[in-house]
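Below you'll find the structure, written out as structure tokens, and then a few comments.
Printed below as a string of structure tokens:
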């Protein structure tokens with residue numbers, strides 16, 4: 010009998026490499042968000058936070074195709090090791106920026122982390138079917154998604170504490186330590202061999218991206234899966250960028266309260282991912298995605314309705330005070346429901362994309378999916394930043410997310426293919 014996934018060398022090193030990377034990405038991003046929100050952002054804090062999200066995501070649009078080609082052409086384990094080695098130098102840049110409290114350098118480090126993440130993305134999902142059986146994919150994806158959001162949780166909490174306390178030594182040790190842990194765990198990922206040894210990697214990013222998207226577009230099932238996952242990530246990035254201003258401005262939370270809500274959101278996504286794997290039981294069940302989309306829309310809409318008309322808070326309150334109010338509890342309930350729905354939404358859809366992709370083109374398909382995911386996320390964050398600039402409120406934005414997601418659920422229902 011094969012060992013459980015978390016004890017298997019075919020999965021565990023990749024799992025921990027991804028976990029440490031997600032922690033570091035979100036540790037840096039959260040420290041930057043808190044620095045902007047509570048120290049230096051002023052009246053432009055909301056726009057700067059949204060811009061930070063866009064800066065991290067934008068490299069996915071430009072570099073995912075290259076990452077897919079590299080992962081298909083070369084041994085995926087070797088590519089992972091080299092990327093994670095380079096990431097340590099970007100972590101050092103983040104340390105410099107934090108020591109100097111320089112937003113420009115920190116934004117540059119965040120962009121660098123985004124570049125590594127964009128190149129690593131096609132590899133981390135493309136490698137799973139190389140090492141695992143088809144029936145293991147839903148559980149593996151649930152573990153990866155759950156771990157990612159647990160890493161977001163821990164990175165968020167620790168990043169918030171670092172920004173609040175201004176402890177440069179702790180920030181430096183954590184950023185460099187987790188970057189080193191990423192590289193060390195990557196050394197234990199088993200080799201995969203070269204998926205497409207005859208492939209010529211093209212550094213004309215526009216041409217290779219266009220070719221991969223055309224290939225993806227030619228398969229109706231893969232295109233459906235791409236559109237579904239892209240909508241999930243658009244909603245996710247918008248919600249995470251709007252959440253800190255919502256809690257600070259309308260709920261009246263302090264740094265600890267923002268962290269508590271983000272923690273609740275991250276735990277709930279992990280729970281939803283695990284629930285999707287339990288429902289699947291080794292199968293790919295796309296009706297779970299449909300249910301997740303409906304719930305996602307309803308909870309986002311209610312979150313907007315709950316905070317419409319709320320007066321700006323006059324004082325920052327601790328979590329105990331916020332969670333003692335009806336509004337604080339309702340917002341927590343909506344965020345938790347939205348996050349569980351997100352886990353139900355994404356796990357079956359992405360497992361389907363992996364299972365439907367041929368082995369010699371899998372990483373490139375994942376790269377093309379990531380390009381379109383990033384296009385949706387970047388477009389969404391830019392649109393939100395523009396709307397915020399013109400005075401559209403955070404509750405209105407949440408309500409808009411809810412209504413459009415309910416429309417997306419109707420489209421998912423009408424176009425959903427068979428899983429196998």
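Numbering (this note's numbering), first residue to last: 10 to 429. Note that CB positions come from ideal geometry on N, CA and C, so glycine has one too. Remember, it's a predicted structure, so these values are computed and weren't measured experimentally.
Limits of the unbroken alpha helix (DSSP H) element including residue i
i           : result
residue 118 : 112-135
residue 423 : 403-424
residue 30  : 21-44
residue 193 : 177-195
residue 355 : 335-365
residue 4   : Because residue 4 is not part of the residues shown, which for the chain are 10 to 429, the question remains open.
Spatial distance of residue i from residue j (CA atoms)
i           : j           : result
residue 372 : residue 114 : 32 Å
residue 185 : residue 273 : 27 Å
residue 242 : residue 105 : 31 Å
residue 71  : residue 64  : 12 Å
residue 396 : residue 405 : 10 Å
residue 187 : residue 181 : 10 Å
residue 260 : residue 327 : 11 Å
residue 167 : residue 33  : 10 Å
residue 278 : residue 359 : 15 Å
residue 94  : residue 190 : 10 Å
residue 30  : residue 313 : 32 Å
residue 209 : residue 203 : 12 Å
residue 335 : residue 14  : 42 Å
residue 11  : residue 332 : At residue 11 the pLDDT is 47, less than 50, meaning the model places this residue with poor confidence and gives no usable figure here.
residue 23  : residue 399 : 43 Å
residue 226 : residue 237 : 14 Å
residue 290 : residue 213 : 42 Å
residue 345 : residue 136 : 31 Å
residue 369 : residue 141 : 16 Å
residue 57  : residue 45  : 7 Å
residue 418 : residue 411 : 10 Å
residue 223 : residue 381 : 12 Å
residue 240 : residue 257 : 27 Å
residue 263 : residue 154 : 28 Å
residue 316 : residue 169 : 24 Å
residue 361 : residue 205 : 22 Å
residue 275 : residue 41  : 19 Å
residue 144 : residue 306 : 29 Å
residue 364 : residue 249 : 29 Å
residue 5   : residue 17  : One cannot answer for residue 5 here, as it falls past the ends of the chain, which runs 10 to 429.
residue 62  : residue 408 : 20 Å
residue 150 : residue 367 : 18 Å
residue 288 : residue 108 : 47 Å
residue 385 : residue 270 : 25 Å
residue 131 : residue 111 : 32 Å
residue 298 : residue 252 : 24 Å
residue 43  : residue 116 : 13 Å
residue 318 : residue 211 : 53 Å
residue 229 : residue 267 : 41 Å
residue 301 : residue 233 : 16 Å
residue 179 : residue 39  : 15 Å
residue 126 : residue 416 : 31 Å
Bridge partner(s) assigned by DSSP for residue i
i           : result
residue 245 : Residue 245 pairs with nothing; no bridge assigned.
residue 262 : 326
CB contact check: residue i to chain C, cutoff 8 Å
i           : result
residue 186 : No chain C is part of this structure, which consists of one protein chain only.
Closer than 7 Å: residue i CB and nearest the ligand HEM heavy atom
i          : result
residue 66 : Here there are no bound small molecules, and the ligand HEM is not part of this structure.
* Where are the alpha helix (DSSP H) runs, 4 residues long or more, that stay fully inside the stretch 212-256, in chain order? -> Positions of the alpha helix (DSSP H) runs, each at least 4 residues long and wholly inside the stretch 212-256, are given as 214-226 and 229-254 in order along the chain.
* **In chain order, each alpha helix (DSSP H) run of at least 4 residues that lies wholly inside the stretch 69-93** => List check, alpha helix (DSSP H) in window: nothing returned.
* Hey, is the stretch 378-397 in contact with the stretch 159-173, meaning 3+ C-beta pairs nearer than 8 Å? -> Contact between the stretch 378-397 and the stretch 159-173 is absent, because fewer than three Cβ pairs lie under 8 Å.
* At least three beta-carbon pairs within less than 8 Å, the stretch 116-124 to the stretch 89-103 -> By the Cβ test, the stretch 116-124 is in contact with the stretch 89-103, since at least three Cβ pairs between them sit closer than 8 Å.
* Counting Cβ pairs, one atom from each stretch, are 3 or more of them under 8 Å apart for the stretch 327-345 and the stretch 418-425? -> Touching, no, given that fewer than three Cβ pairs across the two stretches are closer than 8 Å.
* Please list the segments of the alpha helix (DSSP H) lying wholly inside the stretch 282-316, counting only runs of 4 or more residues, in order along the chain. => Uninterrupted alpha helix (DSSP H) stretches at least 4 residues long and entirely within the stretch 282-316 occur at 296-316, given in chain order.
* Contact between the stretch 361-381 and the stretch 72-79: three or more CB pairs below 8 Å? -> Segments in contact, yes.
* To do: Could you tell me whether the stretch 192-200 touches the stretch 304-324, where touching means 3 or more Cβ pairs closer than 8 Å?
  => Contact fails between the stretch 192-200 and the stretch 304-324, because fewer than three Cβ pairs, one in each stretch, are under 8 Å apart.
* **Inter-stretch contact at 8 Å, needing at least 3 Cβ pairs: the stretch 268-284 / the stretch 339-359** => Flag = yes, the stretch 268-284 and the stretch 339-359 touch.
* Asked: Taking one C-beta from the stretch 214-222 and one from the stretch 80-87 each time, how about it: are there three or more such pairs within less than 8 Å?
  -> Put simply, the stretch 214-222 does not touch the stretch 80-87. Fewer than three CB pairs are less than 8 Å apart.
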